[in-house]
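A.B. asks: Quick note: our numbering has the sequence shown finishing at residue 1260, numbered continuously throughout.
Questions regarding the structure given below will be posed in turn.
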Amino acid sequence: MAKMEKTEGVYKQGGYINQAFQLDSFDSHENVPPDYATATHLDKRQEHLESSAVTKGTEWGGRLEFLMACIATSVGLGNVWRFPFTAYENGGGAFLIPYIIVLILVGKPFYLLEGLLGQFTSRSCAKTWYMTSAMKGLGYSQAFVAFCVVSYYCALMALTLYYLVSSFQSELPWSICRPEWQDYCIDGSTNGSISEDRNVTVQSSAELYFRKIVLQEYESIEYGIGAPSWKLSIGLFLSWACVFGVLFRGVKSTGKAAYFLAIFPYVMMTALLIRAVTLDGAVDGILFFVTPNWNALWKPTVWYAAITQCFFSLSVCAGPIINYSSYNNFEHRVDRDVMIVTTLDTFTSLMAGCTIFGILGNLAYEMKTKDISKVVRGGTGLAFISYPDALSRFTFVPQLFSVLFFVMMFVLGIGSAVALCGAVLNVVRDHLPNMKQWLLVLCVTSCGFIVSLVYITPGGQWFTTLIDYYGGTFVAIIVGVLEMITIFWVYGLSNFLNDMEFMLGRRLGFYWRSCWLVITPLLMIVILIYTCATYEPVTYDGAPFPDYAYAIGWFVLILGVSPIVWWAGQRIITNRMSTFTESIKAAFRPEEGKWGPKNPKIHREWEAFNNVTDTGGTPGIFKLSVPSSPGGNELESKIPTSVKVEEEKPARAQWGNGVEFLMSCVAFSVGLGNVWRFPYTAYENGGGAFLIPYIVVLFVIGKPFYYMEMILGQFTSRSCVQIWSVLPAFQGIGYGVAVSVFSVITYYCSLMALTLYYMVASCQSVLPWSYCWEEWGSACFNSSSTGEQSTRNGSRSSADFYFRKYVLNETGIEDGLGLPSWKLVLTLLVSWIFVYVVICKGVKSTGKAAYFLALFPYVIMISLLVRAVTLDGAVDGIVFLFKPTWHKILEPSVWYAAVTQSFFSLGVCFGAVTMYSSYNSFEHNVSRCAYIYFPDHFNIGIIVELGDPAKFKRVKVFVRESTEDSCRDCMIVTSLDLCTSLMAGATIFGILGNLAHEIGSDDIGSVVRAGTGLAFVSYPEALAKFTVVPQLFAVLFFLMLFVLGIGTTVAFCNVIISIIKDQFPQLHQWKVAAGVVILGFSIGIVYCTPGGQYILNLVDYFGGTFIIVFLASFEMIAISWVYGVDNFMDDVEFMIGRRPFFYWRFCWCYLTPLFLFTILIYFLIDMTPLTFNDEYYPTSAYAAGWMLLALGILPFPLGIIIVGFRNKDKPWSNMFEPSADWGPKDLKKYNEWRDFKHSKRISRACAKKSKLIAALFGKD
């Protein structure tokens, strides 16, 4: 053993710090060096003093104070002033889409990141970067951004004070036109219209007052910006004085003020919104705001504006969030606060935007113009014109509402200014730690006041725009990009997650990890590069700045970025090594002794926690052996339960909880099979008549099969191939299923590619399938039409033409498939990338994504159904669906279609249900005590006791409840799948009824040809008829289809991966996933050709439905008749605590296998060649189909032959016996199960013997 030695009071072993001997949380000093035992008491006292010094006066008074302070910071003038005019300058309503997307992909991840950083380090935004010391300049750049923003923020607060004082006059001064404005002014207090014909631009009195009186604004700053207004200077001084008043006592006073600063503004904002929507023309203005111009989405400047607005509104990348969260308790739930603040911030921005544009709509109404964009020029004056104009239209005491409103504006400004200024103060305090708080605050606020004088000159608004662009947003974007890269690509996502797990006690979710690692940094990099490449000089109200102003702007930008460059260079030089590469690596390492929690005790625990990962241990599993003490181990009390105990790594991954399994099953079973396959299968098989056999098949085949596969997977914890250790001769069924699953995967992703294609096409100003193109001739009618049309027979909708002629470019396959469409290939690639992202980390990421994949589609589906039933003729279509044609029930092809649809929709016999349930814990149905009880008359009682026998009663209750839960999952998924299919069918046939009504046809069956195009024709047809923002509904609908496809494809891919991983467990998950994805994409290109839909129909028939029905028949026979239903039910009883009900036994043993074989045999006898669109395939296509069918079926007879050859010297019955490794995968459970099975055989023998004796000699 390596010798223990002490160096500078630290015990080391083998040159490495032995963290166990640095802990002071044990009282027993056995095996501890004497000098350490002597020093323990002094170390504890010193640690207590250090901890007290760290925490004294540096934490919020209560948990809500941090939340209120964040709301006061993020919900400010950025929402009321900046958001409306940013939206105004970037297309109005079109700006909402990129803003919300950026909020989800950039804003929320950034906000949480900075909240976690501050709370973890308890330091300023500069010292936080001890993480990678070369990037410490980022902290100073953040402080620079904060100072630039707060300097003009206080100038805006000065404007609010000016208006506040002016509001005390008997008549609001901006409500009337002054004599010099009479020729081009409208009184703000006038509610009537202006009928005079003027040749000049008309403006409201509020706008003229703001620009002519308050700002005295210059038309140009070519010759300077002028002198500051003395009135605004007083307002500016008072603004900074208020900031000083809140900050001079530190975080304690800030926390108390935060309640008022966060809550009060909403009272007035709500009242003003109510008033705004009651004005004439307000609805037009709000519609202008919320109606998206989809063409604007393709402009990078709009996305750049969305990111800058998101940064400005949330105050990320400027230091306030890091600063505020640094005052949190180390274990505070900051993630919860982040979701509240970011959501509330967006809600406030939308509220303010609706109010602003409601007023703009009223102004346009007053000035007799329908072009709202011409009402007011963009700029900071928008909020200081429209809001005052609204106040002047109040009929009851407008002065009172004006005072309250500008008090609200001032309070909003104070909340944000205090946070920004506080971030600067914290950085300055790093260098002046001994300066008194009030003196430090006085210095910073005085400096800020002097700089802010620039913004209250006649040219001040020009400089507000200039500094906002170069010193605020531009620097913040650069800082944000580097911040993301530094933390997650340099320091490392894994290291960061380990740190956060130590602090929060749990691992952060997949959404945060994917955003931090890939989405957020890449999105910001792309936006920044594109914006730099297409840079255009900033303007003010469309007017360019003079050259000297641009020089000042670039100087400010360089000044903001220079700390990053200087600090990185300085650290590289300081850490000079033998090579330049080594110098860079040394400069970007965490600064030893400084990075980490500030509290000394927590810091030592964190270092011990990190020792696990440094020595190759599993992240989050604490493995140090620390001497115990009567008082317990302080480190154990700090580290959460999930990381206290070293556990054996499970052989197979498991779901995080039972709900993840349920959500994953819903996401898998409720998919495109419901929305795409069910409607056209019902259409091809008689419409409503199809519902009867489908529901019968669901109860006789679907539910029993689903429950059986669920039990098989959970019992064995194996893939769909290895479960056949129950009967090795039938293992070929598992390989045949794998062939069928992979066949389905390839075309499933091609359908997802179509949904992506339509989603992109939906971003046009007019939906391209809503109108007839010239080359389609008179046989086409517009899908967007809502009135009756008198068209000749054979006419079709433009949606049908668009899908078949433009998207698919559909042709026959006599001359070949044709070349693939590059657009569809691109969308196919994107689809596979999404699938890979979900499956690359296995079941853990799949379980987390399942919540969204399962629940989101229903929101859109329900809204679409509501729209469908309100269309003309929809009732006829729905009646056509639900009205059965009874003679169809006697056709075996209909029952075959019902069986295949049930299999395809539920996913039974595709291996996915078995695979998903194999990740369930075997003990999720039992407690720690496994109790097996038999009736007394058997004279047999076996107890496998892991706990106290007194727990028997509780265990019995638990088993009963768990059994109900196990069956409940099956019933929920299968019933929900049926409801979804009916919902999708009703929607489709409602649309078909409307189409028949449009072309004047009573025969709904003749409206649209069957095929995959039914969902890509009828659904778009419905969207084209929407009168309000059809583009938005189209995007949401095809997003829903894509999400449905992802849920099912992920499950299918995991089936293939689980088979490969079971055979080659040493392979990494991401490598196997990548191989499956690449192969699937390569094959899927075939479906992107003009003849791709022909191949899709062929593969679906021979490679999907035919193989599955054939193998399913033998799977049921193998389990129920060969292995034996009694044996299977014994296994179920051992696992869940009781035998399944009679319904399941009767179906498994009789109904399901007989039903399947009857359908299969009858279909084989009556089989006819497959057609597509009533066209026969070439002979080569049929040959390919039969080859695919043989590839899926031959493994089954080959498996029997191989096993028979291996057992040729044994009785033939041995071929059909379970192998030695059949049973639970866990060794302990396996032994218990063997004892259980043995006792069952004895009990059955006793029962038979007792019956024989009773028959011969009587019961007595």
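We put the beta carbon where it would ideally sit given N, CA and C, even for glycine.
Quick caveat, the model's predicted, so the values are computed rather than measured.
#1: Let me know the secondary structure DSSP gives R796 once reduced to three states.
#2: Select from V696, G553, D1100, V150 the residue whose C-alpha is nearest the C-alpha of T1152.
#3: What residue from C970, S349, M759, R677 has the CA that sits closest to S917's CA?
#4: Can you check which of these residues, G1092, V1076, P1020, is closest to E814 by C-alpha distance?
#5: Where does I414 land, buried or exposed, given buried means 16+ other C-beta within 10 angstroms?
#6: Are the region 877-896 and the region 676-693 in contact at 8 Å, needing three or more beta carbon pairs?
#7: In the DSSP assignment, what are the bridge partners of T539?
#8: Mapping DSSP to helix, strand and coil, what is Y1176?
#9: Would you identify the three-state DSSP class for Q203, choosing helix, strand or coil?
#10: Quick one: is the Cβ of V106 within less than 7 Å of any heavy atom of the ligand MG?
#11: Going by beta-carbon coordinates alone, are S921 and Q654 separated by less than 8 Å?
#12: Can you grab the Cα-Cα spacing for the pair C840 / I1056, in whole Å?
#13: Is the beta carbon of Y304 less than 8 Å from the beta carbon of I527?
#14: Could you name the residues that DSSP lists as bridge partners for T1171?
#15: Span of the alpha helix (DSSP H) holding N426?
#16: Are the region 86-99 and the region 298-312 touching, with three or more C-beta to C-beta distances below 8 Å?
#17: Do you know how far the Cα of R275 is from the Cα of P398?
#18: Return the chain-ordered list of same chain residues with a C-beta closer than 6 Å to the C-beta of V338, the five sequence neighbours on each side being excluded.
#19: Are the beta-carbon atoms belonging to L1023 and L751 less than 8 Å from one another?
#20: Rounding to the nearest angstrom, what Cα-Cα distance links C929 and G1137 in this structure?
#21: Short of 6 Å in beta carbon distance, which residues of its chain neighbour Y1101, apart from the five on each side in sequence? Order them along the chain.
#22: With DSSP as the reference, label A1245 as helix, strand or coil.
#23: Considering only the beta carbon of each residue, do C1088 and G911 sit closer than 8 Å?
#24: What runs of the alpha helix (DSSP H), each 4 residues or longer, lie entirely inside the region 1150-1236?
#25: Can you name the residues that DSSP bridges to I839?
#26: Give the DSSP-derived three-state secondary structure of F510 in the structure shown.
#27: Under the rule that 16 or more other beta-carbon atoms within 10 Å means buried, what is D1131, buried or exposed?
#28: For the putative contact between C749 and S831, defined by C-beta atoms under 8 Å, what is the C-beta separation to the nearest angstrom?
#29: Under a three-way DSSP split, which group does K1240 fall into?
#30: Report yes if the C-beta distance between A1112 and F705 is below 8 Å; otherwise report no.
#31: Residues in the same chain with beta-carbon distance under 6 Å from V451, minus the five sequence neighbours each way, listed in chain order, please.
#32: From the DSSP output, in three-state form, read off D965 for me.
#33: When the Cα atoms are used, what is the spatial distance from T1048 to F668?
#34: Smallest Cα separation from T121: which of L727, A476, A352, W595?
#35: Do you know whose CA, among G492, L1154, I1165, I456, lies nearest T160's CA?
#36: How would you call R333, buried or exposed, if buried means at least 16 neighbouring beta carbons within 10 angstroms?
C.D. replies: A quick look at the data gives this:
#1: Correct three-state label for R796: strand.
#2: Considering only alpha carbons, the answer is V696.
#3: Out of C970, S349, M759, R677, C970 has the C-alpha closest to the C-alpha of S917.
#4: Nearest option by C-alpha distance: G1092.
#5: Under this definition I414 is a buried residue.
#6: Note that the region 877-896 touches the region 676-693; at least 3 beta-carbon pairs, one per stretch, sit closer than 8 Å.
#7: Its beta-bridge partners are P544.
#8: Looking at Y1176 - three-state DSSP - the assignment turns out to be strand.
#9: In this structure, Q203 counts as strand in the three-state DSSP scheme.
#10: In the structure on display, the ligand MG does not appear, and there are no ligands present to speak of.
#11: Result yes, Cβ atoms of S921 and Q654 sit closer than 8 Å.
#12: Counting only the Cα atoms, I1056 lies some 13 Å from C840.
#13: Yes, the pair counts as a contact, with Cβ atoms nearer than the cut-off.
#14: Looking at the DSSP assignment, T1171 forms a beta bridge with Y1176.
#15: Counting along the chain, the unbroken alpha helix (DSSP H) around N426 starts and ends at 398-431.
#16: Result yes; three or more Cβ-Cβ pairs closer than 8 Å.
#17: Near 12 Å, if we compare the C-alpha coordinates of R275 and P398.
#18: Cβ within range, chain order: Y111, L112, G115.
#19: Contact: no.
#20: Any answer about C929 is weak, because its pLDDT of 30 lies below 50 and its placement is not dependable; what the coordinates show is given next. Taken atom to atom, the span from the alpha-carbon of C929 to that of G1137 is near 12 Å.
#21: If we look at Y1101 and ignore the five residues flanking it on each side, its Cβ neighbours are L1170.
#22: A1245 sits in a helix when the DSSP states are folded into three classes.
#23: Going by C-beta atoms, C1088 is not nearer than 8 Å to G911.
#24: As far as the region 1150-1236 is concerned, its whole alpha helix (DSSP H) runs of at least 4 residues are 1152-1165, 1179-1193, 1195-1206.
#25: In DSSP, I839 forms no bridge with anything.
#26: Residue state, collapsed to three classes: helix.
#27: Under the 10 Å beta carbon count, D1131 is surrounded by 16 or more other beta carbons and is classified as buried.
#28: Rounded to whole angstroms, the Cβ separation of C749 and S831 is 5 Å, and the two are in contact under 8 Å.
#29: Note: K1240 maps to helix in three-state DSSP.
#30: Contact flag set, yes.
#31: S151.
#32: In this prediction, D965 scores a pLDDT of 47, lower than 50, which makes its location untrustworthy; no coordinate-derived value is stated.
#33: Rounded to the nearest whole angstrom, the CA to CA distance from T1048 to F668 is 4 Å.
#34: Measuring C-alpha to C-alpha distances from T121 to each of L727, A476, A352, W595 identifies W595 as the nearest.
#35: The shortest CA-to-CA distance from T160 to any of G492, L1154, I1165, I456 is the one to I456.
#36: Under this definition R333 is an exposed residue.
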